[in-house]
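Note sheet for the following structure.
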Amino acid sequence: LQPTQQIQPAPSITQPSVVVANPTPANTPATPQVHVSSSEPPTVGQLVSKSHSGGYDEDGINLEEIREFAKDFKIRRLSLGLTQTQVGQALTATEGPAYSQSAICRFEKLDITPKSAQKLKPVLEKWLNEAEMRNQEGQQNLMEFVGGEPSKKRKRRTSFTPQAVEALNTYFEKNALPTGQEITDIAKELNYDREVVRVWFCNRRQTLKNTSKLNVFQIP
1 LQPTQQIQPA PSITQPSVVV ANPTPANTPA TPQVHVSSSE PPTVGQLVSK SHSGGYDEDG
61 INLEEIREFA KDFKIRRLSL GLTQTQVGQA LTATEGPAYS QSAICRFEKL DITPKSAQKL
121 KPVLEKWLNE AEMRNQEGQQ NLMEFVGGEP SKKRKRRTSF TPQAVEALNT YFEKNALPTG
181 QEITDIAKEL NYDREVVRVW FCNRRQTLKN TSKLNVFQIP
C-alpha cells in the first residue's frame with residue numbers, strides 16, 4: 001500500500017491592497033465674493049424724474065418745493081446779472097465753504113441730495129432777498145453786497161436814504177416810465193444825480209418785470 005499523502009491546501013493568493021485616496025468633496029463651499037455697492041443717496045433731480053405724482057416727498061422734505069425754488073433762484077440771480085461764481089464767493093465769505101460756486105451749480109441743477117438741498121434753501125433764499133433789496137438802491141450797492149469790484153467809471157458812492165427810497169417808490173407807483181424831464185425834476189427834488197435816478201427806475205422796472213414773470217411761471 002502506498003503511504004497516504006496529505007493533500008496540502010492551495011496557497012492563498014493575497015490580493016494587493018488598493019489604497020483609495022480621499023476624494024475632494026464635491027460640495028466644498030467656494031470662498032464667497034463680496035460685492036461692494038457704491039450706491040449713493042439719490043439726488044433731488046433723480047427722485048423727481050422717477051416720480052409721476054404731484055406731491056414729491058422724501059423723508060418729510062417737499063421735493064417739488066425745492067425744485068420750484070431752484071428754478072426761481074436761477075431766474076432771479078440772472079435778472080440781477082450775477083454769476084454762480086459771484087454768489088458762491090459772497091456766500092463762502094459769510095457762510096463758509098459749503099456754499100461755494102460748485103454748491104450753487106449743483107443746487108440749480110438739482111444734482112444734490114434732499115437733505116443738503118433743505119439745508120441750502122433757507123440760506124440762499126435769505127441772501128437773494130437781501131441782494132434784490134440792495135439792487136433796488138442801486139447797482140453799486142449790490143456790487144458792494146456781493147463783494148465785487150466797484151466800477152472805475154463811478155466817481156463816488158451813491159447811497160439812497162430811506163426817505164429817498166420811499167419817495168422814489170411813490171413816484172414809481174404813479175409813473176413807472178417817467179420822461180427825461182420828469183427824471184431831471186425828481187433828481188433835483190431829491191438832490192441826487194440825474195443818472196443815478198434814471199438807473200434806479202430802470203432797475204425797479206426790471207425787478208417788477210421779473211416778478212411778474214415768476215407769478216405766471218409754470219414748471220412743465
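Oh and the sequence shown: position 88 is 88 in the UniProt record's numbering, straight run, nothing missing.
For every residue, glycine included, the Cβ atom is placed at its ideal position computed from N, Cα and C.
According to the Cβ coordinates, are residue i and residue j closer than 7 Å?
i           : j           : result
residue 66  : residue 44  : yes
residue 105 : residue 84  : yes
residue 269 : residue 63  : Any answer about residue 269 is impossible in this case: the structure gives the chain only from 1 up to 220.
residue 114 : residue 61  : yes
residue 99  : residue 110 : no
residue 134 : residue 142 : yes
residue 95  : residue 123 : yes
residue 101 : residue 146 : no
residue 108 : residue 167 : no
Kindly indicate which three-state DSSP category residue i falls into: helix, strand or coil?
i           : result
residue 169 : helix
residue 210 : helix
residue 62  : strand
residue 47  : helix
residue 40  : coil
residue 193 : coil
residue 177 : coil
residue 160 : coil
residue 201 : helix
Use the C-beta contact count for residue i: other C-beta atoms within 10 angstroms, 16 or more gives buried, fewer gives exposed.
i           : result
residue 181 : exposed
residue 41  : exposed
residue 163 : exposed
residue 176 : exposed
residue 203 : buried
residue 77  : buried
residue 93  : exposed
residue 82  : buried
residue 208 : exposed
Is residue i a contact residue of the ligand ATP, with contact defined as CB to any heavy atom under 6 Å?
i           : result
residue 188 : The ligand ATP is not part of the structure shown, which contains no ligands of any sort.
Any contact between the region 190-205 and the region 130-141? By contact I mean 3 or more CB pairs, one from each, below 8 Å. Three or more Cβ pairs closer than 8 Å define a contact, and the region 190-205 meets that threshold against the region 130-141.
Can you list, in chain order, the stretches of the alpha helix (DSSP H) that have 4 or more residues and sit fully within the region 69-136? With a minimum length of 4 residues, the continuous alpha helix (DSSP H) runs that stay inside the region 69-136 are 84-95, 101-108 and 114-136.
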